[in-house]
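Undergrad: Before I ask anything, here is the structure I am working with.
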Amino acid sequence: MLRFAGIQLKPGADKLKNLAQASELAVKAVANGANLISFPECFNSPYGNQFFAEYAEPIPEGQTSKHLSKLAKEQKVHIIGGSIPEKDGSNLFNTSLVFNPSGEIIAKHRKMHLFDIDIPGKIRFQESETLSPGNSVTTFDCNGFTVGVAICYDIRFPELAQLMRLKGADFLVYPGAFNMTTGPVYFELLTRARAVDNQVYCASIAPATDREAGYVSWGHSVVVAPTGQVVDSAGHEEKTIYCDVKKEDIQAVREGIPTWKQKRDDVYKLTEA
40 MLRFAGIQLK PGADKLKNLA QASELAVKAV ANGANLISFP ECFNSPYGNQ FFAEYAEPIP
100 EGQTSKHLSK LAKEQKVHII GGSIPEKDGS NLFNTSLVFN PSGEIIAKHR KMHLFDIDIP
160 GKIRFQESET LSPGNSVTTF DCNGFTVGVA ICYDIRFPEL AQLMRLKGAD FLVYPGAFNM
220 TTGPVYFELL TRARAVDNQV YCASIAPATD REAGYVSWGH SVVVAPTGQV VDSAGHEEKT
280 IYCDVKKEDI QAVREGIPTW KQKRDDVYKL TEA
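Throughout the sequence shown, residue numbering follows this note's numbering, covering 40 to 312 in sequence.
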């Protein structure tokens, strides 16, 4: 069995404090039986174009990579390191690292779809002003399960989730920071939709709400079963949510409603470029 813990924490301006808080909460999650942990998007820094360059690190030489490697090894747990600003040459990326219980990086996902929106009178945000997009479909093996990882705005693109399912995904994890405009409308809805579309467990893990931040996260982390039912969720405050991911539940949904065997490949087909 895979026991997942999604840690909704409130990052601030002090990177060392953010990392220390993440470690403290991860240790508690392991004590509660978790063998796969995810942090939120930009868990080690404030979120915003004005912060990405300041907090960006090389991988794996950077402070956060080393910290998460040590934490995974000490706690003997798989860790999805939310996401962090990554510096690679002259480019900046929004990147999620996955560590195994030996502390090794076994997967890296660079946010593929950059968050460029403009809702008049409510919010404008253009990640592409500072970040470059990734181009990989990311999965990894964990305790007999295949887990797919993508970041925040990636969840709006069902094709990416379908490609992860084609790679064998049983569980999709999206570290994400929806805001106070889009979060109430879409955050849980999209998580449930990706779970139902692909007959997988699906989790979206957000930073807790900090109303004094320049970019205010909606919070409300959530993990959903393949039926679309919410297993556990948070509100605005810091909280760790849990889910026991079970093969038999995935199989029951896929056998009862075998949509993936009923796709019309003679009419349409999704392939990875």
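Beta carbons: idealized from backbone N, C-alpha and C, even for Gly.
In chain order, what residues of the same chain lie with their CB nearer than 8 Å to the CB of residue 167, ignoring the 5 residues before and after it?
TA: Cβ within range, chain order: 153, 155.
Undergrad: Bridge partners for residue 187 per DSSP, in chain order?
TA: Residue 187 is bridged to 178, 211.
Undergrad: According to DSSP, is residue 45 helix, strand or coil?
TA: Strand, per DSSP.
Undergrad: Would you check if the distance between the CB atom of residue 260 and the CB atom of residue 272 is smaller than 9 Å?
TA: Yes; because the gap between Cβ atoms is below 9 Å, this pair is in contact.
Undergrad: So what does residue 263 bridge to, in DSSP terms?
TA: Looking at the DSSP assignment, residue 263 forms a beta bridge with 241, 269.
Undergrad: Could you tell me which whole beta strand (DSSP E) segments of length 3 or greater appear in the stretch 126 to 164?
TA: As far as the stretch 126 to 164 is concerned, its whole beta strand (DSSP E) runs of at least 3 residues are 130 to 138, 144 to 149, 155 to 158.
Undergrad: Using the Cβ count rule (16 or more neighbours within 10 Å means buried), how would you classify residue 139?
TA: The residue is buried, with at least 16 neighbouring Cβ atoms inside 10 Å.
Undergrad: Kindly indicate which three-state DSSP category residue 88 falls into: helix, strand or coil?
TA: Correct three-state label for residue 88: helix.
Undergrad: Pairing CB atoms from the stretch 294 to 306 with CB atoms from the stretch 275 to 282, are three or more of them under 8 Å?
TA: Judged by Cβ distances under 8 Å, the stretch 294 to 306 makes no contact with the stretch 275 to 282, as fewer than three pairs qualify.
Undergrad: Does the stretch 110 to 118 come within contact of the stretch 82 to 102, defined as at least 3 CB pairs closer than 8 Å?
TA: No contact exists between the stretch 110 to 118 and the stretch 82 to 102.
Undergrad: Can you tell me whether DSSP reads residue 206 as helix, strand or coil?
TA: Coil at residue 206, not helix or strand.
Undergrad: For the beta strand (DSSP E) that residue 284 lies in, which residues bound it at each end?
TA: Residue 284 -> beta strand (DSSP E) spans 278 to 284.
Undergrad: Which residues share a DSSP beta bridge with residue 117?
TA: For residue 117, which the question treats as bridged, DSSP gives the partners 75.
Undergrad: Are residue 289 and residue 209 touching if we call contact CB-CB under 9 Å?
TA: The answer is yes: Cβ separation under 9 Å.
Undergrad: According to DSSP, is residue 289 helix, strand or coil?
TA: Residue 289: helix per DSSP, three-state reduction.
Undergrad: If you run the structure through DSSP and keep just helix, strand and coil, what is residue 171?
TA: Residue 171 falls in the coil class under three-state DSSP.
Undergrad: Taking only the alpha-carbon atoms, compute the straight-line gap between residue 100 and residue 132 and give it to the nearest angstrom.
TA: Rounded to the nearest angstrom, the two C-alpha atoms are 15 Å apart.
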